[in-house]
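See below for the structure under consideration.
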Amino acid sequence: MPVDISIRKPPIEPLHCDLLRQAGVSVNVLRLDKCHPQLAGNKWYKLKYNLLEFQQQPDFPILSFGGAYSNHLYALAAAGKLLGMRTIGVVRGEMPEPLNPVLAFAREQGMTLLPVSRGDYRRKQEPGFLEGLRARFGDFHLLPEGGSNSLAIKGCEEIASLLKWHKAGSKQLVALCCGTGTTMAGLIKGLSKIESESAPEVLGISVLKGDGYLQAEILGQLHASGCIDPIVWRVDDAHHCGGYARSNSVLQSFLDEFAGFSNLPLEPVYTGKLFYALFDLIEKGVISAGTEVVAIHSGGIHS
Ligand SMILES: *Cc1c(COP(=O)(O)O)cnc(C)c1O
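See below:
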């Protein structure tokens, strides 16, 4: 049974501004955020093969985990509704009352929301904890936090074939922001399969605090998925602006400035940090003149 959720092929759009012209760097944006009204961004690619598998047993609900602002639970709730499958979202910490827009949307789509304490949430992979959930909900399809597993990597490999380059011979760089790193691992794996000598480099911008954490995490995911000879990639840990879902005045003023010259919608948790980092690295010359950048807009905009 195919996933009957079709998406629009994400367009690639150029970004224009004075800084880029002066620096001699071109930036094109792969608009994954435009591929579906509710399942937009990288979440479609992460869910795709998981949903295909779950559809083999459509009577079991899909259970997954996330924080109160989880884009993953948001997308999963929408997918469940579209596929006619029940979904259960285990939410870390207390549920805000009234519900925030993300959880309100999830409930509207029919997702059952179960708030658990932070302590219990940390036990989410323990057999005893999952047993308790089975006693409560019966059998279910289990999807890890963030939807990050090997089938998610397989889906994200497909992002590699969406990249387009305009200038032959220029230095090519793909940039994206990372939370769990699964999207980046999939992209690296996909590119490592199709590219040969002139492979682009992949730069991940960590949206969370933790030096070296995502580098190790992604390396582990690549090895586990059999990608042992990847193309060149690295994670930047210097632009998290205080940590996951944190912000600071530098990020805020960048976002204000950006909105003054571009209509590209950004939010402060993910894509805002990606473009903040890109512009900072271009300004400092770390990304040098002549480089052609494709920045992946991974979504996160809820209208
Ligand atoms: C979930 C999400 C990410 C992080 O993806 P990972 O695969 O966890 O690294 C990035 N951007 C947006 C907009 C997201 O919603």
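Going letter by letter, the sequence shown gives residues 80 to 382 in our numbering.
We put the beta carbon where it would ideally sit given N, CA and C, even for glycine.
Between which residues of its own chain and residue i is the CB-CB distance below 8 Å, once the five residues before and five after are set aside?
i	result
Leu94	Val106, Asn107, Val108, Ser341, Leu343 and Ala374
Leu99	Ser105, Val106 and Ile361
Trp244	Gln251, Pro279, Glu371 and Val373
Leu330	Cys320, Pro347, Gly351, Lys352 and Tyr355
Asp308	Ser271
Ser328	none
Arg213	Phe219
Lys88	Cys114 and Leu241
Would you mind working out which of the options sits nearest residue i, comparing C-alpha positions?
i	options	result
Lys122	Ile84, Phe358, Ser332 and Gln135	Ile84
Ser196	Ile267, Gly172 and Leu152	Gly172
Ile86	Glu92, Pro177 and Tyr124	Tyr124
Leu161	Ile380, Leu118 and Leu345	Leu118
Val253	Gln135, Ala102, Thr370 and Gln204	Thr370
Ala247	Val372, Phe208, Pro90 and Val169	Val372
Tyr148	Gly168, Val181, Arg202 and Leu270	Val181
Ile238	Ala338, Gly120, Ala278 and Ile297	Gly120
Gln300	Lys352, Ser227 and Phe216	Ser227
Ala324	Val348, Gln331, Glu92 and Arg202	Val348
His376	Leu255, Asn327, Gly364 and Phe337	Leu255
Gly217	Gln204, His302, Thr166 and Ala338	Thr166
Lys363	Lys88, Ala102 and Cys306	Ala102
Trp312	Glu205, Gln204, Pro206 and Gly269	Gly269
His381	Lys88, Asn150 and Cys306	Asn150
Leu126	Leu212, Glu210 and Leu222	Leu222
With C-beta atoms as the reference, is residue i less than 7 Å away from residue j?
i	j	result
Ile366	Val104	yes
Phe133	Glu224	no
Arg186	Leu192	yes
Ile361	His318	no
Leu130	Ala158	yes
Cys235	Gly260	no
Leu345	Phe358	no
Thr350	Gly321	no
Ala156	Met190	yes
Ser271	Ile310	yes
Arg215	Phe208	no
Pro137	Met164	yes
Val281	Ile297	no
Ser229	Ser304	yes
Tell me whether residue i, by its Cβ, gets closer than 6 Å to a heavy atom of ligand 3.
i	result
Thr370	Ligand 3 is not among the ligands present in this structure, which contains only ligand 1.
Using the DSSP secondary-structure output, state which residues sit across from residue i in a beta bridge.
i	result
His220	Ile141
Ala254	Leu282 and Ala374
Ser271	Bridge partners of Ser271: none, in fact.
Glu92	Val108
Apart from the five residues on each side of it in sequence, which residues of its chain come closer than 6 Å, Cβ to Cβ, to residue i?
i	result
Lys233	Tyr128
Leu178	none
Asp316	Ser285 and Asp290
Leu152	Gly145, Gly168 and Ala185
Tyr200	Arg171
Phe333	Tyr355
His220	Phe133, Phe139 and Ile141
Cys96	Phe340
Pro116	none
Lys21	Residue 21 lies beyond the residue range present for the chain, which begins at 80 and ends at 382; the question has no answer from this structure.
Beta-carbon within less than 7 Å of residue i's beta-carbon, same chain only, minus the 5 sequence neighbours each way: which residues are those?
i	result
Cys257	Met263, Gly283, Ile284, Ser285, Val286, Leu293 and Val314
Pro90	Arg110 and Lys113
Glu176	none
Ser326	Cys320 and Pro347
Ala368	Ala102, Gly103 and Val104
Phe337	Leu345 and Phe354
His302	none
Gly188	Reading off the sequence, residue 188 comes out as Gln, not Gly. Hits under 7 Å: Ala156, Ala157, Gly159 and Lys160.
(message) Just to confirm the assignment: which complete alpha helix (DSSP H) runs, minimum length 4, are found wholly within the stretch 145-171?
(response) DSSP runs (the alpha helix (DSSP H)) wholly in the stretch 145-171: 150-162.
(request) Write down every uninterrupted run of the beta strand (DSSP E) in the stretch 187-251 whose length is 3 residues or greater and which is fully enclosed by it, in chain order. (result) Runs of the beta strand (DSSP E) lying entirely within the stretch 187-251, each at least 3 residues long, are 191-195 in chain order.
(request) Mind listing, in chain order, the continuous alpha helix (DSSP H) runs of no fewer than 4 residues lying wholly within the stretch 304-371? (result) List check, alpha helix (DSSP H) in window: 328-340 and 350-362.
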